[in-house]
Amino acid sequence: DTEVTQTPKHLVMGMTNKKSLKCEQHMGHRAMYWYKQKAKKPPELMFVYSYEKLSINESVPSRFSPECPNSSLLNLHLHALQPEDSALYLCASSQETGLYGTQYFGPGTRLLVL
Amino acid sequence: AQTVTQSQPEMSVQEAETVTLSCTYDTSESNYYLFWYKQPPSRQMILVIRQEAYKQQNATENRFSVNFQKAAKSFSLKISDSQLGDTAMYFCAFETGNQFYFGTGTSLTVIP
């Protein structure tokens, strides 16, 4: 089973709201990722978790706060977002970070910030 | 610094024909992985094919094959017998160490 699930599929929020995106995988992968993707652009890496510890933060604004409660779950907490944060947010997982190859992507959460 | 270049922003192909998408990359690493991912409109990004740099043999997956030229740092994707379901954005990607780099993508349209 190579499935990564994400909820919700769509999210509309105001700039003062607080919301969370959720990602789950049951492949036993130890690395999980958050990406932001604008239309017709490649995904941009935001965060990498390896063995439930944050290993990479690509200078993402603090209004995005990741959390990895356990090896199967990854959350992205959102607060005081801006309209330019509207995008598709993708979660991915891989067996390990480094040269252990394939990332498997979830379907994404399409976020609209009003 | 690692870079991945896809020089064809958009391509089209007739159904049942063959099309080749190009990708070049730049790295000083000797060990790395290369990938082609497919992202259909409003649908999930899925892995099409993967190539380990230490393997000389080109990877194939059914109608999809790659032409991996390590010295030239080139990694093209050939889609044979194109089908309407192949219409998608195709991203070339490169992995080394802790970093994963995507190209800018090629939007492929299969014409009936």
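Protein sequences, first through last, are from chains A and B.
With the first sequence counted from 1, adding 23 to any position gets you the working numbering.
With the second sequence counted from 1, adding 440 to any position gets you the working numbering.
Ideal placement from N, C-alpha and C gives every residue a C-beta, glycine not left out.
- Message: I want to know whether the stretch 448-458 of chain B touches the stretch 74-85 of chain A - three or more CB-CB distances under 8 Å.
- Response: no
- Message: With three or more C-beta pairs closer than 8 Å as the rule, is the stretch 506-516 of chain B touching the stretch 543-550 of chain B?
- Response: no
- Item | Contacts that LEU517/B makes with chain A (C-beta to C-beta distance below 9 Å) | The count along the second sequence starts at 1 and reaches residue 517/B at position 77. Within 9 Å Cβ-Cβ: nothing; LEU517/B doesn't reach chain A, min ~15 Å.
- Message: So if DSSP puts LEU113/A in a beta bridge, which residue, or which two residues, is it bridged to?
- Response: Here residue 113/A is taken as the residue at index 90 of the first sequence, counted from 1. In DSSP, LEU113/A forms a bridge with TYR58/A.
- Message: Can you tell me whether PRO66/A is helix, strand or coil according to DSSP?
- Response: Here residue 66/A refers to the residue found at position 43 when the first sequence is read from its first residue. Of the three classes helix, strand and coil, the one that applies to PRO66/A here is coil, per DSSP.
- chain A contact residues for GLN509/B, given Cβ-Cβ distances below 8 Å: On the second sequence, position 69 is the one that residue 509/B refers to. The contacting residues do not exist; GLN509/B stays about 20 Å from chain A at best.
- Task: For LEU113/A, return the contacting residues in chain B, with the cut-off set at a CB-CB distance below 8 Å.
- Result: Here residue 113/A is taken as the residue at index 90 of the first sequence, counted from 1. In chain order: MET485.
- Item | Contacts that LYS63/A makes with chain B (C-beta to C-beta distance below 8 Å) | Translated into the one-based positions of the first sequence, residue 63/A becomes position 40. What LYS63/A touches in chain B: MET529, GLY545, SER547.
- Message: Distance cutoff 8 Å, beta carbons only. Does PHE504/B sit that close to anything in chain A?
- Response: Translated into positions along the second sequence, residue 504/B becomes position 64. By this cut-off, PHE504/B is not an interface position.
- Item | Reference TYR58/A, options ILE551/B, GLN539/B, PRO552/B, closest by Cα | Taking the first sequence and counting its residues from 1, the one referred to as residue 58/A is at position 35. TYR58/A has its Cα closest to that of GLN539/B, out of ILE551/B, GLN539/B, PRO552/B.
- Distance, GLU501/B Cα to ALA54/A Cα: Here the question's residue 54/A lines up with position 31 in the first sequence. Here the question's residue 501/B lines up with position 61 in the second sequence. In a straight line, the C-alpha of ALA54/A is about 26 Å away from that of GLU501/B.
- Message: Can you list, in chain order, the residues of its chain with a C-beta nearer than 7 Å to that of GLN448/B? Leave out the 5 residues immediately preceding and following it.
- Response: In the second sequence, counting from the first residue as 1, residue 448/B sits at position 8. For GLN448/B, where only same-chain residues beyond five positions count, the Cβ hits under 7 Å are LEU461, SER462, THR546.
- Query: In whole angstroms, what is the alpha-carbon distance linking LYS63/A and ALA533/B?
  - Reply: For the purposes of this step, residue 63/A is taken as residue 40 along the first sequence, with counting starting at 1. For the purposes of this step, residue 533/B is taken as residue 93 along the second sequence, with counting starting at 1. About 15 Å.
- Looking at the unbroken beta strand (DSSP E) that takes in GLU107/A, where does it start and where does it end? The sequence position of residue 107/A within the first sequence is 84, counting from 1. Premise fails: GLU107/A is in no beta strand (DSSP E) and is neither H nor E.
- Query: Since CYS46/A and GLN60/A are thought to touch, with beta carbons under 8 Å apart, how far apart are those beta carbons, to the nearest angstrom?
  - Reply: Taking the first residue of the first sequence as 1, we reach residue 46/A at position 23. Taking the first residue of the first sequence as 1, we reach residue 60/A at position 37. With 8 Å as the limit, CYS46/A and GLN60/A do not qualify as a contact, their Cβ atoms being about 14 Å apart.
- Message: Please classify GLU535/B as buried or exposed, where buried requires at least 16 neighbouring CB atoms within 10 angstroms.
- Response: Walking along the second sequence from the start, residue 535/B turns up at place 95. Burial call: buried.
- Query: Is the CB-CB distance between ILE489/B and TRP476/B below 8 Å?
  - Reply: Taking the second sequence and counting its residues from 1, one reaches residue 489/B at position 49. Taking the second sequence and counting its residues from 1, one reaches residue 476/B at position 36. A contact, by the Cβ cut-off of 8 Å.
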